[in-house]
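Visitor: Numbering (the working numbering), first residue to last: 2 to 349.
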Amino acid sequence: MNAPPPLILVVEDESTLRQDIVEELQEAGYRAAAAADGHAALSLLAETTPDLVLCDITMPGLDGYGLLTTMRAERPDLAATPFVFLTALSEPREVVEGKRLGADDYLVKPVDYDLMLATVAARLRQVDRIRSRHGSEFADLRRALCGLSGGGAERALDLIAMGVVLLDGNGQVLHSNRAAREMVAEADFLTIRHRRIRAPDVPSDRALRHAVSAMLKPRPEADEQVKGVTLHRKADALTVSALACVLPLVHPETTDQPHVALFLSAPARKRRVSEQLLIQLFSLTPTEARVAAALATGARPADVAAELGVSQTTIAFHMRNLFEKTGTNRQTDLVGLILAGPMVIAAG
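#1: Within 10 Å of its beta-carbon, does Ser266 have 16 or more other beta-carbons around it, so buried, or fewer, so exposed?
#2: Would you mind sorting Lys235 into buried or exposed? The rule is 16 or more other CB atoms within 10 Å of its CB.
#3: When the Cα atoms are used, what is the spatial distance from Glu48 to Asp113?
#4: The alpha helix (DSSP H) that contains Gly65, what's its start and end?
#5: Evaluate Lys228 with the Cβ neighbour count: other Cβ atoms within 10 Å of its Cβ, from every protein chain shown; 16 or more gives buried, anything less gives exposed.
#6: Between Leu279 and Thr298, what straight-line distance do the alpha-carbon atoms span, to the nearest angstrom?
#7: Tell me, please, whether the CB atom of His176 is closer than 8 Å to any CB atom in chain C?
#8: Cβ of Glu276 within 8 Å of Cβ of Ala294?
#9: Any idea what DSSP makes of Tyr31, helix, strand or coil?
#10: Could you check what DSSP says for His195 in three-state terms: helix, strand or coil?
#11: DSSP puts Tyr107 in a beta bridge; with which residues?
#12: Leaving out five residues before and five after Leu46 in sequence, what residues of the same chain have Cβ atoms less than 8 Å from its Cβ?
#13: Helix, strand or coil for Lys218, going by three-state DSSP, please let me know.
#14: Under three-state DSSP, which class holds Thr17?
#15: Which residues bound the alpha helix (DSSP H) around His176?
#16: From what residue to what residue does the alpha helix (DSSP H) around Ile316 run?
#17: Rounded to whole angstroms, how far is the Cβ of Val128 from the Cβ of Ala74, which I believe are closer than 8 Å?
#18: Classify His195 as buried or exposed, calling it buried when 16 or more other Cβ atoms lie within 10 Å of its own Cβ.
#19: For Ala4, collect the residues of the same chain with a Cβ closer than 7 Å to its Cβ; drop the 5 residues on either side in sequence, then sort them by chain order.
#20: Since Phe264 is in the alpha helix (DSSP H), which residue starts that stretch and which ends it?
Here it is, written out as structure tokens:
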């Protein structure tokens, strides 16, 4: 069965322009959903999963910056979804602010529809390439995890800085690596009691249980195999991203083998990245490696500039080089690659 056309979410408070954009997208073969402001867009995001977002910056209520920040924080499953700003503003500071928050591109009003369609097509192709590459790598990882049967193979997971928890067919914990056990010991985001993994924060716990339950349901191979949730700590704004994924089964008739894997990002204050490893993997300069490592702790570019004693313009220059060398195009993708790619090997 053919996949449906990509769904584009259009967020624009000017009704005539919003309708014109929707019509242009539909004529080009895309599906389109429309919202008049950021709050209306969040309501749509609760029910739909767009392939790309076109969003005005200046809107009443929740503006484009607010929508982007909220979407990136509350919908980790949309981390790779391109976000393109529509704006009448073309000042460099507006571009820098959007890029800092994770915007992928800009279209300046009045909208050139040929350029708009070309931008949409290019961003969707880019996402397809990334997903294809990561999908292959992720499939290899899932196959490797499903073959773990104890002993040395499971101990190898302790070398990974990201938390990994393997669950059986009943949703009970079979194994947790060292990083996950450290998170459980602090009990800020996770607890394990009677082989059940829970989150102390009630909404986070509900989302976690829903994700695990969804991954344990019998499903056709084409159905969703991965579900992301964000775990919050009650005391502050610190969060952990959790990704639940289905594992291919060696013996489908048994439940006492890994059925689901949970991948847990370490809290920002616990993330450790080897600058030397970054230099070797991506041919970075020492300064670029320091910038990348600082960004991976959750620091903002302005904070990195202050830490290194340089201007924000210099940091922006280094970030452009990092994007080019790592094949990413925004800060969130760069940090994700550093934390979830080959650099998950613990530095210490």
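No residue lacks a Cβ here, since even glycine has one placed at the ideal position from N, Cα and C.
Guide: Once the coordinates are examined:
#1: Classification for Ser266: buried.
#2: In summary, Lys235 is exposed, with fewer than 16 beta-carbon neighbours lying within 10 Å of its beta-carbon over all protein chains present.
#3: Each residue's Cα considered, the two are about 30 Å apart.
#4: Its alpha helix (DSSP H) spans residues 65-75.
#5: By the beta-carbon neighbour count (other beta carbons within 10 angstroms, threshold 16), Lys228 is buried.
#6: Each residue's alpha carbon lies about 14 Å from the other.
#7: The structure shown has no chain C; it contains just one protein chain.
#8: Yes; because the gap between Cβ atoms is below 8 Å, this pair is in contact.
#9: Of the three classes helix, strand and coil, the one that applies to Tyr31 here is coil, per DSSP.
#10: His195 falls in the coil class under three-state DSSP.
#11: DSSP links Tyr107 through a beta bridge to Phe86.
#12: Taken in chain order, the residues that qualify are Leu10, Met72, Arg76, Leu79.
#13: Under the three-state reduction of DSSP, Lys218 is assigned to coil, being neither helix nor strand.
#14: Correct three-state label for Thr17: helix.
#15: For His176, there is no enclosing alpha helix (DSSP H); the residue is part of the beta strand (DSSP E) that begins and ends at 174-177.
#16: It spans 313-327 - the alpha helix (DSSP H) in which Ile316 sits, taken as one unbroken run.
#17: With a contact defined as Cβ atoms closer than 8 Å, Val128 and Ala74 miss out at about 20 Å.
#18: Here His195 is exposed, its C-beta having fewer than 16 other C-beta atoms within 10 Å.
#19: Around Ala4: no qualifying Cβ.
#20: No alpha helix (DSSP H) holds Phe264; the beta strand (DSSP E) holding it covers 261-265.
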